[in-house]
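Numbering (our numbering), first residue to last: 1 to 477.
Every residue gets a Cβ at the ideal spot worked out from N, C-alpha and C, and that includes glycine.
Quick look at the structure:
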């Protein structure tokens, strides 16, 4: 028997879960369908050697009282149940370059941010204050950034370019690179990306930076629990394989791979937009819309290594390390040279439960083009649908792991001696679990020259099918 709902949400990433809960709180009958064994999209975690590893959300900003994410999570009724650990207030992110042993801090609190960096750039204090003022001003121009806001965007703000703005703030090349040092959070394209992407991203972390004690999946688990409290249905292992239209070409229901059919008055597709197009059928869409979407270039993917450490072998550090082989790489680190990989990486640490002064695990992430794994693009492997990719793929991962460890040991000598077990993920892992085109991390490249290129609400000609903002405005918004 076909089940009927007011709203059907396809995909349980953060955008889908939040959309579903907002509507369920308003009394609508909501259902969420998820293809994987685990809800949450980039909030998913995995467990190895009895340790939890994050796959996408390694730390969160704006969670202190009155700050933006705190307000959202308060409205969603999950803030009080989150287990959070405050990161180093004098440097939640530390930026380093080449052989320079100095780690330049991004500190929590705008006054503290200026104070900590002024120790390294005393002549730049006024410029740092101007930078902080502009960050906050740009964020204030975005509706709903603090839950309640105006309904229109200041289009001039959307055209601000990150590179031009940073260069206008300071002529100090090293400080420019330090200010952009965490741009892995938006895929590292500081030359073309609109400044609002940089501002919205770093502002919340400067306000406050926390880690989820039990991994990012606790957010999705709390949202799922709250959805059920409001009467919504959520189903995993439910991959949508078909959209069903009536005689008026209106989307009325979907069918899953298991043959179940779900109908609804309206739909929210929280999956990769190319996958949505495939389900709709290109013949139902305007050529101009198709050409527009297919012209989008995906941001880079990444290769990650997850290190389980020997007990008491490595001191824990309560911050993230962003390292670059040179200062110039900050502007477009995703355009790396294969022979020099990894030219940049992010490194995070998880404290031991019983001896928190020591790390129990490390996670290191670096950019990786999908072309590097194209040889295995026709393979697929998830917990819900397991398949081997072959011996050549295993050799590829081993080679990349050794190169990553070589790079890490330049900052942490003899790291290999502290390692108990190593696990990895590649662009194929991100593609298969998250569903993003070519395993990209954050959707599609944004450009200050044409910031509205990716903005639309319902899918054109399908007034019952909406898209959340995860791929359209800014990742996470």
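Around the C-beta of residue 232, 16 or more other C-beta atoms lie within 10 Å, and the residue is accordingly described as buried.
If you compare the alpha carbons of 214, 328 and 292 with that of residue 59, the shortest gap goes to 214.
Under the three-state reduction of DSSP output, residue 232 falls in the coil class, being neither helix nor strand. Per the C-alpha coordinates, the member of 118, 143, 144 and 287 positioned closest to residue 132 is 118.
Nearest to residue 84 by C-alpha distance, out of 66, 99 and 62, is 62. Here residue 144 carries a coil assignment [DSSP, helix/strand/coil].
The alpha-carbon of residue 240 is positioned some 9 Å away from that of residue 260.
Residue 278 sits in a helix when the DSSP states are folded into three classes. Taken through DSSP and simplified to helix, strand or coil, residue 237 comes out as coil. Here the region 24-43 makes no contact with the region 297-317; the two share fewer than three CB pairs at distances below 8 Å. A straight line joining the alpha-carbon of residue 462 with that of residue 393 spans about 41 Å. The residue from 379, 139, 7 and 354 with its alpha-carbon nearest to that of residue 391 is 379. Under the three-state reduction of DSSP, residue 345 is assigned to strand. Residue 319 is positioned such that its CB atom lies closer than 7 Å to that of residue 92. Sequence-distant Cβ neighbours of residue 49 in its own chain, meaning closer than 6 Å and more than five residues away, are 308 and 421.
Here residue 465 is bridged, per DSSP, to 267. Within the region 31-115, the complete alpha helix (DSSP H) runs of at least 4 residues fall at 68-75.
Inter-residue distance for residue 358 and residue 284 is about 57 Å (C-alpha atoms, whole angstroms). Membership of residue 391 in the alpha helix (DSSP H) is indicated by the continuous run 391-409. Looking only at 281, 424 and 405, the smallest Cα-Cα distance to residue 415 is reached by 405.
Between the alpha carbons of residue 47 and residue 167 lies a distance of about 43 Å. Cα atoms of residue 71 and residue 65: separation of roughly 8 Å, rounded to the nearest angstrom. Along the region 141-213, the beta strand (DSSP E) occurs as fully enclosed runs of 3 or more residues at 209-212, listed in sequence order. Membership of residue 289 in any beta strand (DSSP E) is not indicated; the residue belongs instead to the alpha helix (DSSP H) covering 287-294. For residue 6, the secondary structure class from DSSP, reduced to helix, strand or coil, is strand. It is roughly 15 Å from the alpha-carbon of residue 205 to the alpha-carbon of residue 348. Of the residues 271, 453 and 333, the one whose Cα lies closest to the Cα of residue 97 is 333. For residue 430, the enclosing alpha helix (DSSP H) stretches over residues 427-434. Looking at the backbone, the Cα of residue 207 and that of residue 87 are separated by about 12 Å. Of the other Cβ atoms in all chains shown, fewer than 16 fall within 10 Å of the Cβ of residue 355; this residue is therefore exposed. Within the model, the alpha-carbon separation for residue 412 versus residue 287 is close to 53 Å. The alpha-carbon of residue 256 is positioned some 24 Å away from that of residue 217. With the rule of 3 Cβ pairs closer than 8 Å, the region 361-373 counts as touching the region 336-352. In the three-state reduction of the DSSP assignment, residue 226 falls in the helix class, which pools H, G and I. Check the Cα spacing between residue 362 and each of 377, 321 and 383: the tightest is with 321. Counting only residues of its own chain and dropping the five nearest sequence neighbours on each side, residue 252 has a CB closer than 7 Å to the CB of 244, 245, 246 and 263.
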